[in-house]
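Undergrad: One structure, pasted below without further comment.
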Amino acid sequence: MTAPNRNALWARTFADELARTGIDAVCIAPGSRSTPLTEAFDRHDDIETFSHLDERSAAYFALGRARRTGEVTPIVCTSGTAAANFHPAVIEASQARVPMLVLTADRPPELRDSGANQTVDQEKLYGDAVRWYKDMPEPEATDRKLRSLRTTAARAVSEATGVDAGPVHLNFPFRKPLEPTHVEGDVPADLDSEALDGRSGSRPYVKTTAGAPELSEDHLRKLADDLAVDRGLIVAGPADPPGFNAEAVAAFAHATGFPVVADPLSGLRFGGHTRTTTVLGGYDAYLDERVTADWPDPEVVVRIGASPTSKALRKYLARTDARQYLVDPTGRWREAEFGATDLVEAEPSVLAWRLSQLVRNRPDESWNALWTDAEDAYWSLVDDETDAFEGRLAADVADLAPEPSTLFVSNSMPVRDLDRFARPSTKSRTVLGNRGASGIDGVVSSALGAGSAATDHLTLLTGDLAYYHDMNGLLALGRLGVDATIVLVNNDGGGIFHMLPIEEYEPPFTDQFKTPHGLDFAATEDLYDLSFASVDADDFRDAYAESVATDGTDVIEVRTDAESSHRVRERVAERVVERLSD
4 MTAPNRNALW
14 ARTFADELAR
24 TGIDAVCIAP
34 GSRSTPLTEA
44 FDRHDDIETF
54 SHLDERSAAY
64 FALGRARRTG
74 EVTPIVCTSG
84 TAAANFHPAV
94 IEASQARVPM
104 LVLTADRPPE
114 LRDSGANQTV
124 DQEKLYGDAV
134 RWYKDMPEPE
144 ATDRKLRSLR
154 TTAARAVSEA
164 TGVDAGPVHL
174 NFPFRKPLEP
184 THVEGDVPAD
194 LDSEALDGRS
204 GSRPYVKTTA
214 GAPELSEDHL
224 RKLADDLAVD
234 RGLIVAGPAD
244 PPGFNAEAVA
254 AFAHATGFPV
264 VADPLSGLRF
274 GGHTRTTTVL
284 GGYDAYLDER
294 VTADWPDPEV
304 VVRIGASPTS
314 KALRKYLART
324 DARQYLVDPT
334 GRWREAEFGA
344 TDLVEAEPSV
354 LAWRLSQLVR
364 NRPDESWNAL
374 WTDAEDAYWS
384 LVDDETDAFE
394 GRLAADVADL
404 APEPSTLFVS
414 NSMPVRDLDR
424 FARPSTKSRT
434 VLGNRGASGI
444 DGVVSSALGA
454 GSAATDHLTL
464 LTGDLAYYHD
474 MNGLLALGRL
484 GVDATIVLVN
494 NDGGGIFHML
504 PIEEYEPPFT
514 DQFKTPHGLD
524 FAATEDLYDL
534 SFASVDADDF
544 RDAYAESVAT
554 DGTDVIEVRT
564 DAESSHRVRE
574 RVAERVVERL
584 SD
């Protein structure tokens, strides 16, 4: 490897080592202090660069790619507030266990705490949201320092993608010259070839062999014995990247006879396994205390993934006397109702597969019938509902998306509507969302990042506030060549607060909570070179079908009324209670 100066050598060595670990893409926000890193990634033949003008969009785009692939897409920025704009995505990645590698450029040490322009304290900037932080040494063209640099690069990827996946932050101080200009004597000619060029055969400098936490044989058999009961449930919350093995969970469900309560973000609500496995999706409506009061409690609940989206499901689990096994590969707690009785430190898919070889229950037909009858009654009532409302749009997207599809869903009402109204099916869907910290920021960028990592058709289901919050992310459409169908549910201010008691207080409900904005989003058509159409709910299915059949990005806006949509949700829920209580 050759380089005109020590900064260029340092950055090119680092980029080379990342490529050796398997990194094939990076998101870069332009800036001066990060020039050595930008130049190094840009010139590397095996690394694709995604250039973003907005640091927040860059970070969320990388987050979306990692959600889709389970692999790291590093993010690069200059010093100062640029690094702070990464912070929301870093928090989401930490909470949701999404791999992320944050590379921030910094001023040299003597300028820290000096009042120098664009200089802020970047050391441990993201607090405990990162799995590992390292303040990188100043670039030096010595054998030992280059070996250390390659080792750090390999370790950083390993830390970010380990069992407890999440963000890693490396802070790079650079002094001028930042450009790849020649500096006489800066790079010695006698550097060790392995430190300079890396291990032979394109191997990473340090190769980490990752393992999955598993139970010992004794503990596994004890757990299998505990699961030999008549009434049980498998509850699958939002999955961590790269997701659950659907075949393993299905095998476990068959062996135990337990139904699978599948969050839309679990990766288990859709797919071929639903042909032979009891997968439930309507629970948010029928797990009302008035319905379940006469149901027997489950004896055992096995919980995998993060906390479910459905509040009704979480409250139901808290009411039961079941023994609840919380399965988590990191051994960390993810259950805010505090109803779990056992924490099992194991990789969920591996555990499910091993238990499927040991458990042989005879299904309790009456127990399973409670759930399947409730499920059938619920979907029948949904089909009978004739009024157009927001939940119908979510159901239509889940039903009409081409196969295979990536469906990214925003927080607030869209993910809740998908949870309640997207019926389990055999269709091939990869459903993703930012449920770690559940913010509405960065949703557009995350969706487009996910779309950039796959050849599937991409649909983003979002509300108007989330669309407004991340319109900068739409720049990726033209700059990076990502196409999508964006379903924009516009109720002029969001509907989530209609679910809360504050709705009854006017004022301040309209001005301080619902916050109508009155924006005409049609202007984004010319601004971001996309196709924008506003349609009635009755025409949505045709408009969506036309969009997915054509190239390019279409925004399909459907104007809705948040209050009337919420009243429909309540009406359907009450009808379910009435039918099942009878």
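Here this note's numbering is used: the first residue of the sequence shown is 4, the next is one more, and so on.
Glycine included, C-beta positions come from ideal geometry on N, C-alpha and C.
Source: prediction; values computed, not measured.
1. Pull up the DSSP beta-bridge partners for residue 172, would you.
2. Just verifying my parser: in three-state terms, what is the DSSP assignment at residue 447?
3. Can you tell me where the beta strand (DSSP E) holding residue 488 begins and where it ends?
4. Under the three-state reduction of DSSP, which class applies to residue 361: helix, strand or coil?
5. Whether or not the region 468-487 and the region 513-533 are in contact is what I'm after, with contact meaning three or more pairs of Cβ atoms, one per stretch, closer than 8 Å; do they touch?
6. Tell me where the beta strand (DSSP E) around residue 327 begins and ends.
7. If distances are taken between C-alpha atoms only, which option among 420, 567, 381, 535 comes closest to residue 577?
8. Is the beta carbon of residue 544 closer than 9 Å to that of residue 420?
9. Below 8 Å on the Cβ atoms is my contact criterion, and I expect residue 444 with residue 91 to pass it. Report the Cβ-Cβ distance as a whole number of Å.
10. Let me check understanding here. Comparing Cα to Cα, which of 318, 371, 45 lies closest to residue 338?
11. Going by beta-carbon coordinates alone, are residue 175 and residue 39 separated by less than 9 Å?
12. If you pair each beta-carbon of the region 432-446 with each one of the region 58-67, do three or more pairs fall below 8 Å?
13. Between 245, 533, 61, 94, which has its C-alpha nearest residue 80's C-alpha?
14. Reducing DSSP to helix, strand and coil, say where residue 369 ends up.
15. Who does residue 47 pair with in a DSSP beta bridge?
16. Taking DSSP as the reference, what is the three-state secondary structure of residue 341?
17. Report, in whole angstroms, the separation of the C-beta atoms of residue 352 and residue 247, which I expect to be a contact under 8 Å.
18. Per DSSP, what kind of secondary structure is residue 560 in: helix, strand or coil?
19. In whole angstroms, give me the CA-to-CA distance for residue 462 and residue 284.
20. For the region 367-424, list the alpha helix (DSSP H) runs that are entirely contained and at least 4 residues long, ordered along the chain.
21. Going by CA-CA distance only, name the one from 459, 411, 428, 426 that's closest to residue 446.
22. Please identify the residue among 105, 77, 334 whose C-alpha is closest to the C-alpha of residue 138.
23. Assuming residue 490 and residue 293 form a contact by the criterion Cβ under 8 Å, report the distance between their Cβ atoms to the nearest whole angstrom.
24. Would residue 370 be called buried (16 or more neighbouring beta carbons within 10 Å of its own) or exposed?
25. Per DSSP, which one or two residues make a beta bridge with residue 534?
26. May I have the straight-line CA-CA distance separating residue 316 from residue 571, to the nearest angstrom?
27. Any idea what DSSP makes of residue 235, helix, strand or coil?
28. Which word fits residue 341, buried or exposed, when buried means at least 16 other C-beta atoms lie within 10 angstroms of its C-beta?
29. Given a cut-off of 9 Å, decide if residue 556 and residue 486 are closer than it, judged by their beta-carbon atoms.
30. With contact counted as at least three CB pairs below 8 Å, one residue from each stretch, are the region 229-249 and the region 298-310 in contact?
31. Do residue 478 and residue 55 have their C-beta atoms within less than 9 Å of each other?
32. With residue 269 and residue 241 assumed to form a contact (beta carbons below 8 Å), what rounded beta-carbon distance in angstroms separates them?
33. Quick one: any contact between the region 150-168 and the region 108-128, if contact means 3 or more CB pairs under 8 Å?
34. In angstroms, rounded to a whole number, what distance separates the CA positions of residue 146 and residue 200?
35. Three Cβ pairs or more, each shorter than 8 Å: is that satisfied between the region 421-430 and the region 265-282?
36. Have a look at the DSSP bridge pairing and note the partners of residue 306.
TA: Let's see:
1. As a working note, residue 172 is residue 169 in the sequence shown. Answer by DSSP bridge pairing, in chain order: 105, 136.
2. Counted from its first residue, the sequence shown places residue 447 at position 444. Residue 447: helix per DSSP, three-state reduction.
3. Here the question's residue 488 lines up with position 485 in the sequence shown. Per DSSP, residue 488 belongs to the beta strand (DSSP E) from 488-493.
4. Taking the sequence shown and counting its residues from 1, the one referred to as residue 361 is at position 358. In this structure, residue 361 counts as coil in the three-state DSSP scheme.
5. yes
6. Translated into positions along the sequence shown, residue 327 becomes position 324. Looking at the DSSP string, the run of the beta strand (DSSP E) that includes residue 327 is 326-330.
7. The residue labelled residue 577 in the question sits at position 574 within the sequence shown. Considering only alpha carbons, the answer is 381.
8. Translated into the one-based positions of the sequence shown, residue 420 becomes position 417. Translated into the one-based positions of the sequence shown, residue 544 becomes position 541. Contact: no.
9. On the sequence shown, residue 444 is found 441 positions in, with the first residue counted as 1. On the sequence shown, residue 91 is found 88 positions in, with the first residue counted as 1. The pair is a contact, with the Cβ atoms about 5 Å apart (cut-off 8 Å).
10. Looking up residue 338 in the sequence shown gives position 335. Nearest of 318, 371, 45 to residue 338, Cα basis: 318.
11. For the purposes of this step, residue 175 is identified with residue 172 of the sequence shown, where counting begins at 1. For the purposes of this step, residue 39 is identified with residue 36 of the sequence shown, where counting begins at 1. It is a contact, given that the beta carbons lie within the stated cut-off.
12. yes
13. Taking the sequence shown and counting its residues from 1, one reaches residue 80 at position 77. Here the closest residue by C-alpha is 61.
14. Looking up residue 369 in the sequence shown gives position 366. Residue state, collapsed to three classes: helix.
15. Along the sequence shown, one-based indexing puts residue 47 at 44. Its beta-bridge partners do not exist; DSSP assigns none.
16. Indexing the sequence shown from 1 puts residue 341 at position 338. If DSSP states are grouped into helix, strand and coil, residue 341 belongs with coil.
17. Taking the sequence shown and counting its residues from 1, the one referred to as residue 352 is at position 349. Taking the sequence shown and counting its residues from 1, the one referred to as residue 247 is at position 244. That pair is a contact at about 5 Å.
18. The count along the sequence shown starts at 1 and reaches residue 560 at position 557. DSSP places residue 560 in strand when its eight states are reduced to three.
19. Position 459 of the sequence shown holds residue 462. Position 281 of the sequence shown holds residue 284. Each residue's alpha carbon lies about 20 Å from the other.
20. The qualifying runs are 368-387, 393-403, 416-424.
21. For the purposes of this step, residue 446 is taken as the residue at position 443 of the sequence shown. The candidate whose alpha carbon is nearest that of residue 446 is 411.
22. In the sequence shown, the residue the question calls residue 138 occupies position 135. Ranking 105, 77, 334 by Cα distance to residue 138 puts 105 first.
23. Counting from 1 along the sequence shown, the entry for residue 490 is found at position 487. Counting from 1 along the sequence shown, the entry for residue 293 is found at position 290. Going by Cβ atoms, the distance from residue 490 to residue 293 rounds to 34 Å, so no, they are not a contact pair.
24. Numbered from its first residue, the sequence shown carries residue 370 at position 367. Classification for residue 370: buried.
25. Taking the first residue of the sequence shown as 1, we reach residue 534 at position 531. Per DSSP, 557.
26. For the purposes of this step, residue 316 is taken as residue 313 along the sequence shown, with counting starting at 1. For the purposes of this step, residue 571 is taken as residue 568 along the sequence shown, with counting starting at 1. Cα to Cα, residue 316 sits roughly 20 Å from residue 571.
27. As a first step, residue 235 must be located in the sequence shown, where it is residue number 232. In the structure shown, residue 235 sits in a strand (DSSP, three-state: E or B).
28. Stepping through the sequence shown from its first residue, residue 341 is reached at position 338. It is exposed - the Cβ of residue 341 has fewer than 16 other Cβ atoms within 10 Å.
29. On the sequence shown, residue 486 is found 483 positions in, with the first residue counted as 1. On the sequence shown, residue 556 is found 553 positions in, with the first residue counted as 1. Contact flag set, yes.
30. yes
31. One-based indexing of the sequence shown puts residue 478 at position 475. One-based indexing of the sequence shown puts residue 55 at position 52. Against a cut-off of 9 Å, the Cβ pair of residue 55 and residue 478 comes out as a contact.
32. As a first step, residue 269 is located in the sequence shown; it is residue number 266 there, counting from the start. As a first step, residue 241 is located in the sequence shown; it is residue number 238 there, counting from the start. Their Cβ separation, rounded to whole angstroms, is 6 Å, which keeps residue 269 and residue 241 in contact under 8 Å.
33. no
34. Within the sequence shown, the letter at position 143 stands for residue 146. Within the sequence shown, the letter at position 197 stands for residue 200. The C-alpha of residue 146 lies about 11 Å from the C-alpha of residue 200.
35. The answer is yes - the region 265-282 touches the region 421-430, with three or more Cβ pairs under 8 Å.
36. In the sequence shown, counting from the first residue as 1, residue 306 sits at position 303. Residue 306 is bridged to 238, 329.
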